[in-house]
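In order, the protein sequence lines correspond to chains A and B. Its first residue numbered 165, the first sequence is counted upward by one per residue in the working numbering. Its first residue numbered 144, the second sequence is counted upward by one per residue in the working numbering. Idealized CB from N, CA, C, for every residue including glycine. Only a predicted model underlies this, so the values are computations on that prediction, with no experimental measurement involved.
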Amino acid sequence: MKRQLHTKDGITEEEYTPEETELEKLEKRVKSLEDKAKISEVSK
Amino acid sequence: MTEYINGVKTGGDPGEEHLVLLLENYNSIDQGTWAIATNSSYLRNCIFYNTTGAQNDKIILKAFLAEGTYSMRIVYIKAANVGYQEIDVGGTNWLSQDGYNGAAQYNQIATVTGKTVTTSGVKDIEIYSSQKNGSASAYGIRILEIGIWRTV
């Protein structure tokens, strides 16, 4: 995604990747663990 | 303008309102590169901050303040790359708050009271960071909101 950068000389744009929040990191971790649990259930 | 009828004040003084200032509504940028970032941990999920994190990065807001006594409150973020959150009003420092903490702490509050405006008028509200904790890695400014209200 792009975002605006504001300076005294005006406004420009740059490509930007938002930082993950701690909650988002935890949600990813939980999903990863859930996926692993599903795989292990499948391969029982 | 204050109005009087038969010597009785009937109208309010200009500047009696309760101001909520957001940094993206700046009047001018003095130094630094500033941008919006969103994060669900932030008050109202958004911040306008100095991406450069350099000493003396500064933006200037403008607001009319009537002669009187005021309190000011900021909501800000503490983190390892945050400097002192400094605010001058009309050329006088009103607030200087260390924003350093090793781990991020969201939605912190700092309040100052008894700040006086001696002459009514449009004031520069300068937001900058000229100093930092010895452990801080940058002069980040992470103010989510500024409140100013008149008490006297």
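Does chain A have any CB closer than 7 angstroms to the CB of B:A178? With 7 angstroms as the cut-off, B:A178 counts as an interface residue toward chain A.
So, with DSSP's three-state summary, where would you put B:L166? Looking at B:L166 - three-state DSSP - the assignment turns out to be helix.
Return the Cβ separation of B:A209 and B:S263 in integer angstroms, given the expectation that the two are a contact with Cβ distance under 8 angstroms. The Cβ separation is near 4 angstroms, so the contact holds.
With DSSP as the reference, please indicate the residues paired to B:R216 in a beta bridge. In DSSP, B:R216 forms a bridge with B:T254, B:G290.
Taking Cβ positions only, does A:T181 come closer than 7 angstroms to chain B? No, A:T181 lies away from the interface with chain B (no Cβ there is under 7 angstroms from its Cβ).
Same chain, Cβ closer than 6 angstroms to B:V265, neighbours up to 5 away in sequence not counted: If we look at B:V265 and ignore the five residues flanking it on each side, its Cβ neighbours are K205, F207.
Cross-strand partners of B:S239 (DSSP beta bridge): Answer is B:E229.
So what does DSSP say about A:E177, is it helix, strand or coil? Here DSSP, grouped into helix, strand and coil, assigns A:E177 to strand.
Please say whether B:F191 and B:I203 have beta carbons closer to each other than 7 angstroms? Contact flag unset, no.
Below 8 angstroms, how does it come out for the stretch 181–199 of chain B and the stretch 239–246 of chain B: are there three or more Cβ pairs, yes or no? No, they do not touch.
Find the residues of chain B that neighbour A:K172, judging by a C-beta separation of less than 8 angstroms, and give them in chain order. What A:K172 touches in chain B: S171, I172, D173, Q174.
In terms of alpha-carbon separation, which member of B:I220, B:W237, B:N276, B:E167 lies closest to B:S184? Sorting B:I220, B:W237, B:N276, B:E167 by C-alpha distance to the C-alpha of B:S184 places B:I220 at the top.
Could you confirm whether any beta carbon from chain B is found closer than 7 angstroms to the beta carbon of A:R167? Chain B, which has a Cβ nearer than 7 angstroms to the Cβ of A:R167, makes this yes.
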